[in-house]
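Student: Next up is a structure, given as C-alpha cells.
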Amino acid sequence: MPELPEVETVARQLDQTLPGRRVGGLLVVDAKLAQLEALAPRLAGTVLGPVRRSGKRVVLSLWEAGGSPRGWLAVHLRMTGRLLDMDREAPDPAHLRLRLWLEPGRLDFTDTRRFGTVEWLTDPATLRPPGLDPLEAACTAAALAGLAAGSRAPLKAWLLDQSRITGLGNIYACEILHACGLSPHRPAGRLRLEDWALLRREMRRILRLAIRHCGTTFRDFQDSRGVEGSFAGFLQVYGQTGGACRRCGGTVIRETQSQRGSWWCPGCQS
DNA sequence: ACGCAGACCTGTACGC
DNA sequence: TGCGTACAGGTCTGCG
C-alpha cells in the first residue's frame, strides 16, 4: 500500500502525537509477530521520541527514562499495514496485529494482508535505507545517472528497485514517468543527464505534492487517524486504463511489466 | 544483471 | 445470489 508520501504522512503525524508518551506494554496479536514477545520487558518503561520515515519504513524511537535511546521499532506497512493512534478505550480495529500500550492511549498496528513487518533495531547504522532517498539533497541528477550507468533495466523496474532509490512504488513510478514523458520501457542506463534532471525534478514535485495531500488512497491507505489521503484525484495515469491522457489526449493503457501493472500513455511517453 | 514465477495473505470487483 | 477469476500501493527467494 504505502509508498514514500503515505509513509511520510504517517511518520509526520505520529511525530506530532507520540513523543513524550510512556510505553506501558506490548500486545502481540498475530502469531507471525511472535518474535516480538521477547521485547516486552525492554520496551516497558521507555518513552517515545521522534518518529521518522526511513525509506518506506516508519521508525519509532524509544528512549530510556534517563535520556538515551534504547532502540528503534521499524515498521514496514507493505500493502495494507496501518499505524493507528487510538484512545485507550476505543474498540479493537479490524485486523489488529500488534498494540503498544501507551500513557495515554495506545498505538495499534493493523494489517489485513499480514505482509507488514516490525523490527527491533539497536544499531543506529541499520536505520538508514540502502538506497538514495528522493527528497534528500544527495539525490542529484548526477547521482541518479551514476547509479543507472550501464543498467539495461527498463526505467520503471529500475525506479522500483529499492536498493538504488528508496521510497518509490508502483503508483508514483507510473506518475513520475508520465510527467516526464518517458516510456517505462526505456533502458535506465541510456538516459541522458538532462533526462535525469527532469526526472529528479518531477519526482520531487510529485512526491511533495502528494505529501501535502496526505498521500494517495487508491484502496486501502489510511493515516494514523484513520483518514484517507486525497492525492488520488491528481493521478494522471495510474489506474486510468482507457482514459484520455490529460496531456496529449491519447489513450492510457495498462500493461504488465516485471509482474506489476504499468499505466502509461504511448502518445506522449517515449 | 535481468526477467519471471511463485510465495507471503486477505479482500474486493467483476463476469457469467 | 453464488462462484470463479483477476487484481491489489511490497518484497523475497529461486531459477534460467
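Following our numbering, the numbering of the first sequence begins with 47 at its first residue and continues without gaps. We put the CB at the ideal spot given by N, CA and C, even for glycine. As the structure is a prediction and not an experimental result, all values here were calculated from the model.
Can you give the Cα-Cα distance for Gly151 and Arg306, rounded to whole angstroms?
Tutor: Each residue's Cα considered, the two are about 39 Å apart.
Student: So which of His122, Val97, Val93, Arg98 has the shortest CA-CA distance to Ala111?
Tutor: With distances taken between Cα atoms, Ala111 lies closest to Val93.
Student: Cβ atoms of Gln315 and Gly227: under 9 Å apart, would you say?
Tutor: Yes, the Cβ-Cβ distance between Gly227 and Gln315 is below 9 Å.
Student: So, using beta-carbon positions, are Phe155 and Leu144 closer together than 9 Å?
Tutor: Their beta carbons are under 9 Å apart, which means Phe155 touches Leu144 by this criterion.
Student: Could you spell out where the alpha helix (DSSP H) holding Ala20 opens and where it closes?
Tutor: Only positions 47 to 316 of the chain appear in this structure, which leaves residue 20 out of reach.
Student: Which of helix, strand or coil does DSSP assign to Arg88?
Tutor: Of the three classes helix, strand and coil, the one that applies to Arg88 here is helix, per DSSP.
Student: Count the other CB atoms within 10 Å of the CB of Thr302; is the residue buried (16 or more) or exposed (fewer)?
Tutor: So Thr302 ends up on the exposed side.
Student: Across which residues does DSSP place Ser100 in a beta bridge pair?
Tutor: Beta-bridge pairing links Ser100 to Arg103.
Student: Contact defined as beta carbons within less than 8 Å: I believe Ala194 pairs with Gly235. What is the distance between those atoms, to the nearest angstrom?
Tutor: With 8 Å as the limit, Ala194 and Gly235 qualify as a contact, their Cβ atoms being about 5 Å apart.
Student: Quick check: what's the CA-CA separation for Thr163 versus Gln286?
Tutor: Their Cα atoms are separated by approximately 31 Å.
Student: Under 8 Å Cβ to Cβ from Met132, same chain only, skipping five residues before and after it: list those, please.
Tutor: Excluding residues within five positions, the ones whose Cβ falls inside 8 Å are Pro139, Gly151, Arg152, Leu153, Asp154.
Student: In whole angstroms, give me the CA-to-CA distance for Val69 and Gly95.
Tutor: C-alpha separation (whole angstroms): 11 Å.
Student: Tell me Glu301's beta-bridge partners as DSSP assigns them.
Tutor: Glu301 is bridged to Ser308.
Student: Give me the residue from Asp269, Asp266, Arg271, Leu255 with the minimum Cα distance to Leu281.
Tutor: With distances taken between Cα atoms, Leu281 lies closest to Leu255.
Student: How many Å lie between Leu148 and Val97 at the Cα?
Tutor: Looking at the two C-alpha atoms, the distance is approximately 15 Å.
Student: Does DSSP put Met132 in a helix, in a strand, or in coil?
Tutor: Met132 falls in the strand class under three-state DSSP.
Student: Buried or exposed: where does Val283 fall if 16 or more other Cβ atoms within 10 Å of its Cβ makes it buried?
Tutor: Looking at its Cβ environment, which holds 16 or more other Cβ atoms inside 10 Å, Val283 is buried.
Student: When the Cα atoms are used, what is the spatial distance from Gly275 to Ala184?
Tutor: Their backbone Cα atoms lie some 28 Å apart in a straight line.
Student: In the structure shown, what three-state DSSP assignment does Leu253 receive?
Tutor: Correct three-state label for Leu253: helix.
Student: Closest by CA to Arg116, which one among His122, Arg124, Leu106, Val298?
Tutor: Here the closest residue by C-alpha is Leu106.
Student: What does the alpha-carbon distance come out to for the pair Gly66 and Leu201?
Tutor: Each residue's Cα considered, the two are about 43 Å apart.
Student: Do you know how far the Cα of Ile211 is from the Cα of Trp242?
Tutor: Spanning the two alpha carbons is a distance of roughly 13 Å.
Student: Among Glu165, Ala171, Leu237, Pro170, which has the Cα closest to the Cα of Ala199?
Tutor: Out of Glu165, Ala171, Leu237, Pro170, Leu237 has the C-alpha closest to the C-alpha of Ala199.
Student: Assign Ala171 to buried or exposed, taking buried as 16 or more other Cβ atoms, counted over all protein chains shown, within 10 Å of its Cβ.
Tutor: Ala171 should be labelled exposed.
Student: Suppose only complete runs of 3+ residues qualify. What are the beta strand (DSSP E) ranges in the stretch 149-193, listed by chain order?
Tutor: Here the runs fully enclosed are 152-157, 163-167.
Student: Helix, strand or coil for Leu281, going by three-state DSSP, please let me know.
Tutor: Of the three classes helix, strand and coil, the one that applies to Leu281 here is coil, per DSSP.
Student: To the nearest angstrom, how far is it from the Cα of Tyr218 to the Cα of Glu49?
Tutor: Each residue's alpha carbon lies about 8 Å from the other.
Student: List the DSSP bridge partners of Leu201.
Tutor: Partner(s): none; Leu201 has no beta bridge.
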